Every structure is written in structure tokens, then in C-alpha cells.
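Asks:
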Amino acid sequence: MARRMKNIERALARMKRLPPAMKEEVDSRLYRKVDQLVGRQKRAAPVDPQSDDPGKFRDSIRAYENPDRPLSYRITADARDADGKFIGGNIEHGHRARDGTHVDASPSFFPTYRAWKKPTKRDLTAGARKALNKIYPKG
Numbered sequence: 001m002a003r004r005m006k007n008i009e010r011a012l013a014r015m016k017r018l019p020p021a022m023k024e025e026v027d028s029r030l031y032r033k034v035d036q037l038v039g040r041q042k043r044a045a046p047v048d049p050q051s052d053d054p055g056k057f058r059d060s061i062r063a064y065e066n067p068d069r070p071l072s073y074r075i076t077a078d079a080r081d082a083d084g085k086f087i088g089g090n091i092e093h094g095h096r097a098r099d100g101t102h103v104d105a106s107p108s109f110f111p112t113y114r115a116w117k118k119p120t121k122r123d124l125t126a127g128a129r130k131a132l133n134k135i136y137p138k139g
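Residue numbers for the sequence shown, in UniProt numbering: 1 to 139.
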């Protein structure tokens, strides 16, 4: 799987040529959608009531602006266990506990992302179209 986006320079050059009004419209919608996605992921995240910190994974889900790309955000769940290792993968895919018992998978992070990817993309496209129609009205 590719770790970098193909033709990133060309895509970034295209984004720089976008009218500012269009960037503002898409950025405001993108921020709202990212915030909604984080909320949905937090609601879907499992909480272990027997744990010392039951909502650790849920509370670690957050979003921040990607400094490398315009109109881009990163969503992370960076909760760690007592040894300093990330626990997100263990929760999503299941794992063996310290006592040797199997802990079932409880996927929440990526299924939520996949479920809301198309509606989010559709809304961003509608926002871009709306901004374009304001800038260049028909008729």
C-alpha cells in the first residue's frame, strides 16, 4: 500500500489556485464534518468499566489540522497502556490479555470512518459547488 499520495504536488498546486471564498466554504464544512466524525467515533468507542481509566481510548480520540497540507485534518486515538504502547490496535483487532485470555475485537474507529466517508465527501462537494455558484452565478 502506498504511504504517500500520488501527484501530491499537482494536487497542492490546484488547491492554491482555488478562489479564497471556495477555500473558506470547504474549510468550514470540512471542520464541521471532522468534528462530527470525532464525536461519532467517541460514541462508538468501547468503554471498559473494569479498567482503571474506563474511557481512556474514547477520550484520546481527537482531530487536529494537518500542517503539511491545506484543507486537511488528522484524527488520532493515541491512548497508551501502562507500558507506553498504543492500545488502539488491540481494541480494534482484539488481542491476548496479560493473563493469557483472548480479548475480542471491538472495532469502532475505522468502521465509523468508512461509514461516514461518502456522506462527508458528498457534503464537501456540495459546499464547493455552492461556493462556485456564488462566485460564478449562472445566467
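C-beta: ideal position from N, C-alpha, C; glycine also.
Keep in mind it's a predicted model, so treat the numbers as computed, not measured.
Report the residue from 51, 76 and 6 whose alpha carbon sits nearest the alpha carbon of residue 62.
Replies: When each option's Cα is compared against that of residue 62, the closest is 76.
Asks: Would you say residue 32 reaches chain B, if we count a Cβ-Cβ gap shorter than 9 angstroms as a contact?
Replies: Reference to chain B is not applicable here, since this structure consists of a single protein chain.
Asks: Count the other C-beta atoms from every protein chain shown that fall within 10 angstroms of the C-beta of residue 24, then say buried if there are 16 or more, exposed otherwise.
Replies: Exposed, by the Cβ-count rule.
Asks: Contact check, residue 15 vs residue 67 under 8 angstroms by CB: the rounded distance?
Replies: With 8 angstroms as the limit, residue 15 and residue 67 do not qualify as a contact, their Cβ atoms being about 15 angstroms apart.
Asks: Given residue 127, which residues of its chain have a CB within under 6 angstroms of its CB, disregarding the five upstream and five downstream residues?
Replies: For residue 127, where only same-chain residues beyond five positions count, the Cβ hits under 6 angstroms are 25, 26 and 29.
Asks: Does the distance from the CB of residue 105 to the CB of residue 91 come in under 9 angstroms?
Replies: Their beta carbons are under 9 angstroms apart, which means residue 105 touches residue 91 by this criterion.
Asks: Using a Cβ-Cβ cutoff of less than 8 angstroms, which residues in the same chain neighbour residue 22 once the five nearest sequence positions on both sides are dropped?
Replies: So the list reads 128, 131, 132 and 135, once near-sequence residues are dropped.
Asks: For residue 32 and residue 39, I'd like the C-alpha separation in whole angstroms.
Replies: In a straight line, the C-alpha of residue 32 is about 11 angstroms away from that of residue 39.
Asks: Assuming residue 77 is part of the beta strand (DSSP E), what are its boundary residues?
Replies: Run containing residue 77: 73 to 77, per the beta strand (DSSP E) assignment.
Asks: By the three-class DSSP mapping on this structure, what secondary structure does residue 63 have?
Replies: Looking at residue 63 - three-state DSSP - the assignment turns out to be strand.
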